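Undergrad: Last residue of the sequence shown: number 691 in our numbering, and the count goes up by one each step with no gaps.
All C-beta atoms, glycine included, are put in the ideal place defined by N, C-alpha and C.
Computed from a predicted model, the values in this text were never measured in an experiment.
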Amino acid sequence: MKALEKVRVRFAPSPTGHLHIGGLRTALFNYLFAKKHGGDFVLRIEDTDRARFVDDAQDKVRRPREGGNYGPYEQSKRLDHYQQAAHHLIDSGHAYRCFCPEHRLELLRKTAEKRGEIPKYDRKCAHLTLENAKAMADNGESFVVRFKLDKQNVQFQDEVFGTVNQCIDESDPVLLKSDGFPTYHLANVIDDRKMDISHVIRGMEWLSSTGKHQILYRAFNWTPPKFVHLSLIMRTATKKLSKRDKDAFVAYYSDQLGALPEAVLNLMIRNGSGIRDFDADHFYSLQEMKDQFDLSLLGRRNLLLDHDSLQKYSRMAFKSADFEFLYPRIVDLLKKDRKFEIPEKEHIRRIVSFLNSKEENFGFLSSLTGGEFNWFFSRPRSAQLLLDSHPNVDLKQIIKELLKLETFNSETLGEVAKRHQLTLAKAMGIVRISLIGSKKGPPISELVEFFGIEECRERLEIMLRLL
225 MKALEKVRVR FAPSPTGHLH IGGLRTALFN YLFAKKHGGD FVLRIEDTDR
275 ARFVDDAQDK VRRPREGGNY GPYEQSKRLD HYQQAAHHLI DSGHAYRCFC
325 PEHRLELLRK TAEKRGEIPK YDRKCAHLTL ENAKAMADNG ESFVVRFKLD
375 KQNVQFQDEV FGTVNQCIDE SDPVLLKSDG FPTYHLANVI DDRKMDISHV
425 IRGMEWLSST GKHQILYRAF NWTPPKFVHL SLIMRTATKK LSKRDKDAFV
475 AYYSDQLGAL PEAVLNLMIR NGSGIRDFDA DHFYSLQEMK DQFDLSLLGR
525 RNLLLDHDSL QKYSRMAFKS ADFEFLYPRI VDLLKKDRKF EIPEKEHIRR
575 IVSFLNSKEE NFGFLSSLTG GEFNWFFSRP RSAQLLLDSH PNVDLKQIIK
625 ELLKLETFNS ETLGEVAKRH QLTLAKAMGI VRISLIGSKK GPPISELVEF
675 FGIEECRERL EIMLRLL
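1) What does the alpha-carbon distance come out to for the pair Lys470 and Asp479?
2) Could you tell me if Ile342 is buried or exposed, where buried requires 16 or more neighbouring beta carbons within 10 angstroms of its beta carbon?
3) Excluding the 5 residues preceding and the 5 following Leu212 in the sequence, name in chain order all residues of the same chain whose CB lies nearer than 6 Å to its CB.
4) Sorted by chain position, which residues of the same chain lie with C-beta nearer than 7 Å to Ala236's C-beta, five sequence neighbours on each side aside?
5) From what residue to what residue does the beta strand (DSSP E) around Gln645 run?
6) CA-CA distance, Gln307 and Pro406?
7) Check whether the region 578-595 touches the region 677-687, taking contact to mean three or more Cβ pairs, one atom from each stretch, closer than 8 Å.
8) So Arg573 and Phe547 are supposed to be a Cβ contact under 8 Å. How far apart are they, rounded?
9) Can you pull the DSSP bridge partners for His305?
10) Of the choices Ser658, Arg321 and Pro666, whose alpha-carbon is the least far from that of Arg689?
11) With 16 as the cutoff for other CB atoms within 10 Å, does Asp304 come out buried or exposed?
12) Please name the residue, chosen from Leu489, Arg603 and Pro615, that lies closest to Phe507 on a Cα-to-Cα basis.
13) Where does Ala607 sit, in a helix, a strand or coil, going by DSSP?
14) Just to confirm the assignment, what range does the alpha helix (DSSP H) spanning Tyr551 have?
15) So, with DSSP's three-state summary, where would you put Pro237?
16) DSSP puts Gln381 in a beta bridge; with which residues?
17) Put Lys226 into one of helix, strand or coil per three-state DSSP.
18) So for Val231, helix, strand or coil by DSSP?
19) Assuming Met687 contacts Ile668 under a Cβ cut-off of 8 Å, what Cβ separation, rounded to an integer in Å, is found between them?
20) Closer than 8 Å by C-beta to Trp430: which residues in its own chain qualify, once you throw out the five before and the five after it? Chain order, please.
21) Please return the same chain residues whose Cβ sits closer than 7 Å to the Cβ of Gln381, not counting the five positions on each side in sequence.
22) Which whole-angstrom value is the C-beta distance of Gln516 and Asp501, which I expect to be below 8 Å?
23) Identify the residues that DSSP records as bridge partners of Gly653: which are they?
24) Do Arg683 and Arg562 have their CB atoms nearer than 7 Å?
25) Please go through the same chain and pick out, in chain order, the residues whose beta-carbon is closer than 6 Å to the beta-carbon of Met492, but skip the five residues on each side of it.
26) Classify Asn254 as buried or exposed, calling it buried when 16 or more other Cβ atoms lie within 10 Å of its own Cβ.
27) What does the alpha-carbon distance come out to for the pair Lys620 and Ala607?
28) For the ligand SAM, is there a heavy atom less than 6 Å away from the beta-carbon of Leu329?
29) Less than 8 Å between C-beta atoms, sequence neighbours within five positions excluded: which residues of the same chain meet that for Lys226?
30) So which of Leu456, His351 and Lys401 has the shortest CA-CA distance to Asn495?
31) Apply the 10 Å Cβ neighbour rule to Asp393 and answer buried if 16 or more other Cβ atoms are within range, or exposed otherwise.
32) Is it buried or exposed for Asp272, if we count other Cβ within 10 angstroms and need 16 for buried?
33) With DSSP as the reference, please indicate the residues paired to Val452 in a beta bridge.
34) On the three-state DSSP scale, how would you describe Ile572?
35) To the nearest angstrom, how far is it from the Cα of Ser590 to the Cα of Ile575?
36) Can you tell me whether DSSP reads Asp420 as helix, strand or coil?
Written out as structure tokens, the structure reads:
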């Protein structure tokens, strides 16, 4: 790409709920683009929708750092910027104060619906003189500021979708609400200008608003930034990802699955969009993503969420992760679960080594506490599975005989099985359930290798007592 002007991009989530997976992808692509070109990546919190504000949602993302020439970075702390801009538009004739009460607006909506028309404000207050409107405001009458939006065709350039033509035919939008807070459209345009944003990289759900934003930029006589709209994230080729889907939110991957961060980031680029010489079988580090990111390669093809791909990337992420990176995450997982004591660091090191060498499909840390690998941190607490799986078998006697063995292999277990008229598989099943409390798991030889013969005997003793 030819040399760019100073790159400044922003990720601007609204604290109205948990971070959506689409928001993560938007943040990632903004970050990669900024770092590729030695630019700035800004976190801006768009918290002006007070009706939908969720107290801890902002902290789930990160509280932005203050300072520099562009702060503050929380819109609720920038109200004076929006109010000044709104009054500038009023003075220039592009906006006006609207004093109409809600019941009148509701009547307009119902009348339009009865006629089968799109509801539009009738511009009653646009005919007030500036002097009269200001006097009413000074007198304490409640008002909003509306933008004069005449029907018009707008053309603009998008870095992904090319030349976009939109017919803007809608009601005069509210820019400033009666409580002094801006709507999204005003705050977005003002902050992108004030923060010197060079490229707006966001989801294509905002493409339909961009024409309106172009008109706002013209009203201020400002040059808009470059626009880059990312394709959708889909459930299937024809079904959108719903906000009711648990995997639509980042917390599902980190808190419930225990997927490592770079596994989820690789999922975000799995269709190759924006990555030069993309290899679907390669696991990309964040540094590689930065090095190979190319804005001109962003495609229009939607990204499909695919659980098989996530599992693949999670396996690759675990195998490539350093133990010092994994250790605190495993400890945090154990602390949150509260069912297990936190073992010595060396025990966790042995677990990681075992998983890397013996379990090629392991990828989600959550399976260490809530899945098939919780036996690393606990001993069997019930004999019920063993009793249910082996009725009419003298389990106590079998375990007593197992306790006398110096080692567990097909030969020694086969002798115990033969004495009790069992198959070798049945005898191995008794050993596995006694050691890890599950019918499924690694081969007996690998369990003995991990635990050592003394721990195996201790677990057998526990099962004997439970019986």
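TA: Here's the rundown:
1) 11 Å
2) exposed
3) Here the chain has residues from 225 to 691 only, and residue 212 is not among them.
4) Arg268 and Glu270
5) That residue, Gln645, is in no beta strand (DSSP E); it is neither H nor E in DSSP.
6) 8 Å
7) no
8) 6 Å
9) DSSP lists no partner for His305.
10) Ser658
11) exposed
12) Leu489
13) coil
14) Phe547 to Asp561
15) coil
16) Thr387
17) Any reading at Lys226 is ruled out, since the residue's pLDDT is 45, under 50, leaving its predicted position unreliable.
18) coil
19) Wrong, their Cβ atoms sit about 15 Å apart, outside the cutoff.
20) His453
21) Thr387
22) 7 Å
23) BP columns for Gly653 are empty, so no partner.
24) no
25) Arg249 and Leu252
26) buried
27) 11 Å
28) As far as ligands go, the structure on display features none, and thus does not contain the ligand SAM.
29) The pLDDT assigned to Lys226 is 45, lower than 50, so where the model puts this residue is not dependable; a value taken from the coordinates is nonetheless given after this. Around Lys226: no qualifying Cβ.
30) Leu456
31) exposed
32) Sequence inspection shows Thr at residue 272; the Asp mentioned does not correspond to that position. It counts as buried.
33) Ile425
34) helix
35) 14 Å
36) coil
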